[in-house]
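J.:
In the numbering used here, the protein residues as written are 34 to 398.
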């Protein structure tokens, strides 16, 4: 069974994203963490998809009795209750709490990296748990440089239920000879990564990823389809409500257009066009004001299609802005209308963007 139950997926994904926001605990800044925040939410969706896929297949495996006969619905429902209890109540409660803690640690770690020139070291802070684990207790008070390999082997948040923390400091590092061995402190499966580095609150070693049913590629494709669908619907509803038939006026820091508008219809067009990273492209709409301030103006090209193609009849020129999305170049496409108005038309990936059509950005139009 490859298809993923949409309602369960949506519920788990929404809750994990809520945990991420709670853990972040601050307004996301385009200059610092917005792309990373999107990446966390995307990977939450992947995790939710594998969780649901595992649960529904575990339940499907209980449909037949020991003789290969189909069970009655009542019997099957009774037999799968333990799966539901574990997956939905017990396990997900732990997963949610862990997501909050690791999102908080990831946000802090990225801030520590930005401040490393002043506070180059990290200190392991003791757990706030009433019953802290003994395996991490030996590391309390350890101080090492933020880029030190020690943090690849041991770090707060690499055990289920861990509530240890970190703080940036300029205190002297703990000598290597004084570091606890910690041989028994192996990270738990699924928590052996640094979320601040790869944008994953749960790593690829989690049992949902390693012990899945069927093709991993197909599950990933299904999860991407669901995230594309839900993000498209949510973004469109958001702007329909916020704009109320009006246009949002955006300011560009580069290029020939100083003011660029975007309407609900423009949002529908943007979210309806293909992109290598559809979910991230769709959610970029929330951050268009910040994106335009940071985007690099690349140039323009005259419209060559005219009335032959719908939507081109009133277009004079096209303008292009480059910005990073998931560590790759993406492009804001802005149309200049005959009346002098500028409007956002699309967000394209490198595959759909044709750079050879660009005119020099300073060439007379």
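By construction, the Cβ of each residue, glycine as well, lies at the ideal position given by its N, Cα and C atoms.
Specify the secondary structure class of residue 186 as computed by DSSP and reduced to three states.
T.: As a first step, residue 186 is located in the chain shown; it is residue number 153 there, counting from the start. Residue 186: helix per DSSP, three-state reduction.
J.: Can you give me the C-alpha to C-alpha distance between residue 162 and residue 314, rounded to a whole angstrom?
T.: Residue numbering aside, residue 162 sits at position 129 when the chain shown is read from its first letter. Residue numbering aside, residue 314 sits at position 281 when the chain shown is read from its first letter. For residue 162 and residue 314, the distance between alpha carbons rounds to 39 Å.
J.: Taking 8 Å as the threshold (C-beta atoms), are residue 199 and residue 155 in contact?
T.: Residue mapping note: residue 155 aligns to position 122 of the chain shown, counting from 1. Residue mapping note: residue 199 aligns to position 166 of the chain shown, counting from 1. Cβ distance < 8 Å, so residue 155 and residue 199 count as in contact.
J.: Residue 406 and residue 329: beta carbons closer than 8 Å?
T.: Residue 406 cannot be examined here, being either before or after the span of the chain that is shown, 34 to 398.
J.: Please classify residue 290 as buried or exposed, where buried requires at least 16 neighbouring CB atoms within 10 angstroms.
T.: By 1-based counting over the chain shown, the position of residue 290 is 257. Buried, because 16 or more other Cβ atoms sit within 10 Å of the Cβ of residue 290.
J.: Answer yes or no: do residue 283 and residue 294 have a C-beta to C-beta separation smaller than 8 Å?
T.: Within the chain shown, the letter at position 250 stands for residue 283. Within the chain shown, the letter at position 261 stands for residue 294. Against a cut-off of 8 Å, the Cβ pair of residue 294 and residue 283 comes out as a contact.
J.: In chain order, what residues of the same chain lie with their CB nearer than 8 Å to the CB of residue 158, ignoring the 5 residues before and after it?
T.: One-based indexing of the chain shown puts residue 158 at position 125. Excluding positions up to five away in sequence, the list reads 173, 189, 197, 198, 199, 200.
J.: Determine the direct distance from the alpha carbon of residue 362 to that of residue 76, and round the result to whole angstroms.
T.: Here the question's residue 76 lines up with position 43 in the chain shown. Here the question's residue 362 lines up with position 329 in the chain shown. Taken atom to atom, the span from the alpha-carbon of residue 76 to that of residue 362 is near 20 Å.
J.: Nearest to residue 66 by alpha carbon, out of 320, 272, 296?
T.: Here residue 66 is taken as the residue at index 33 of the chain shown, counted from 1. Considering only alpha carbons, the answer is 320.
J.: By DSSP, does residue 111 sit in helix, in strand, or in coil?
T.: Position 78 of the chain shown, counting from 1, holds the residue named residue 111. Three-state result, residue 111: helix.
J.: State the DSSP-derived secondary structure class of residue 192, mapped to helix, strand or coil.
T.: In the chain shown, counting from the first residue as 1, residue 192 sits at position 159. Here residue 192 sits in coil by DSSP.
J.: Can you list, in chain order, the residues of its chain whose CB lies under 6 Å from that of residue 80, leaving out five sequence neighbours each side?
T.: Counting from one through the chain shown, the residue named residue 80 turns up at place 47. Result list for residue 80: 235, in chain order.
J.: Could you tell me which residues DSSP pairs with residue 157 in its beta bridges?
T.: The count along the chain shown starts at 1 and reaches residue 157 at position 124. DSSP lists 199 as partners of residue 157.
J.: What is the rounded straight-line gap between the Cα of residue 185 and the Cα of residue 178?
T.: Your numbering for residue 185 matches position 152 in the chain shown. Your numbering for residue 178 matches position 145 in the chain shown. So the two alpha carbons sit approximately 12 Å from each other.
J.: Mind checking which residues open and close the alpha helix (DSSP H) that includes residue 238?
T.: The residue you call residue 238 lines up with position 205 of the chain shown. Premise fails: residue 238 is in no alpha helix (DSSP H) and is neither H nor E.
J.: Measure how close the beta-carbons of residue 49 and residue 232 come, nearest whole angstrom, since I'm counting them as under 8 Å.
T.: Translated into the one-based positions of the chain shown, residue 49 becomes position 16. Translated into the one-based positions of the chain shown, residue 232 becomes position 199. That belief does not hold up - the Cβ atoms of residue 49 and residue 232 are roughly 13 Å apart, past 8 Å.
J.: Taking the DSSP output, what are the residues bridged to residue 67?
T.: Position 34 of the chain shown, counted from the first residue, corresponds to residue 67. Among the bridge pairs identified by DSSP, residue 67 is matched with none.
J.: Using C-beta distances below 6 Å, list every residue in its chain close to residue 224, excluding the 5 sequence neighbours before and after it, in chain order.
T.: The residue given as residue 224 occupies position 191 in the chain shown. Excluding sequence neighbours, residue 224 sits near 191.
J.: What number of angstroms, rounded off, separates the C-alpha of residue 44 from the C-alpha of residue 385?
T.: The sequence position of residue 44 within the chain shown is 11, counting from 1. The sequence position of residue 385 within the chain shown is 352, counting from 1. Going by the C-alpha atoms only, they are around 33 Å apart.
J.: Distance check for residue 371 and residue 336, CA to CA, integer angstroms please.
T.: Here residue 336 refers to the residue found at position 303 of the chain shown. Here residue 371 refers to the residue found at position 338 of the chain shown. Put simply, the backbone Cα of residue 336 is about 11 Å away from that of residue 371.
J.: I believe residue 333 touches residue 250 by the beta-carbon criterion, under 8 Å. Please report the beta-carbon distance rounded to the nearest angstrom.
T.: To locate residue 333, count along the chain shown from 1; it is residue 300. To locate residue 250, count along the chain shown from 1; it is residue 217. Actually they do not touch by this definition, with Cβ atoms about 40 Å apart.
J.: What did DSSP end up calling residue 329 once you bin it into helix, strand or coil?
T.: As a position in the chain shown, residue 329 is number 296, starting the count at 1. Strand at residue 329.
J.: Go through the segment 236–290 residue by residue and report every complete run of the beta strand (DSSP E) that reaches 3 residues or more, in order.
T.: 281–284
J.: Where residue 383 and residue 146 are concerned, what is the direct C-alpha to C-alpha distance, given to the nearest angstrom?
T.: Your numbering for residue 383 matches position 350 in the chain shown. Your numbering for residue 146 matches position 113 in the chain shown. Straight across, the Cα-Cα distance linking residue 383 with residue 146 is about 30 Å.
J.: With respect to the alpha helix (DSSP H) encompassing residue 297, which residues constitute its N-terminal and C-terminal limits?
T.: Counting from one through the chain shown, the residue named residue 297 turns up at place 264. Here the alpha helix (DSSP H) through residue 297 covers 297–305.
J.: How long is the line joining the alpha carbons of residue 193 and residue 241, rounded to whole angstroms?
T.: Translated into positions along the chain shown, residue 193 becomes position 160. Translated into positions along the chain shown, residue 241 becomes position 208. If you take the alpha carbons of residue 193 and residue 241, they lie about 15 Å apart.
J.: Could you give the residue range of the alpha helix (DSSP H) that holds residue 49?
T.: Reading the chain shown from its first residue, position 16 is the one you call residue 49. Here the alpha helix (DSSP H) through residue 49 covers 39–57.
J.: Within this structure, are the beta carbons of residue 312 and residue 264 separated by less than 8 Å?
T.: Taking the first residue of the chain shown as 1, we reach residue 312 at position 279. Taking the first residue of the chain shown as 1, we reach residue 264 at position 231. With respect to residue 264, residue 312 sits close: the two C-beta atoms are nearer than 8 Å.
J.: Using a Cβ-Cβ cutoff of less than 6 Å, which residues in the same chain neighbour residue 220 once the five nearest sequence positions on both sides are dropped?
T.: The residue given as residue 220 occupies position 187 in the chain shown. The beta carbon of residue 220 sits closer than 6 Å to the beta carbons of 191 from its chain, once the five residues preceding and following it are set aside; these are given in chain order.
J.: Which word fits residue 39, buried or exposed, when buried means at least 16 other C-beta atoms lie within 10 angstroms of its C-beta?
T.: For the purposes of this step, residue 39 is identified with residue 6 of the chain shown, where counting begins at 1. By the 10 Å Cβ count, residue 39 comes out exposed.
J.: Residues in its own chain within less than 6 Å of residue 149 by CB, not counting five upstream and five downstream?
T.: By 1-based counting over the chain shown, the position of residue 149 is 116. 179.
J.: Whose C-alpha, out of 213, 57, 352, 281, is nearest the C-alpha of residue 137?
T.: Position 104 of the chain shown, counted from the first residue, corresponds to residue 137. Residue nearest to residue 137 within the set 213, 57, 352, 281 is 57 (criterion: CA-CA distance).
J.: So, at 7 Å on beta carbons, what are the nonlocal neighbours of residue 42 in its own chain, with the 5 sequence-adjacent residues on each side left out?
T.: Looking up residue 42 in the chain shown gives position 9. Excluding residues within five positions, the ones whose Cβ falls inside 7 Å are 81, 82, 85, 259.
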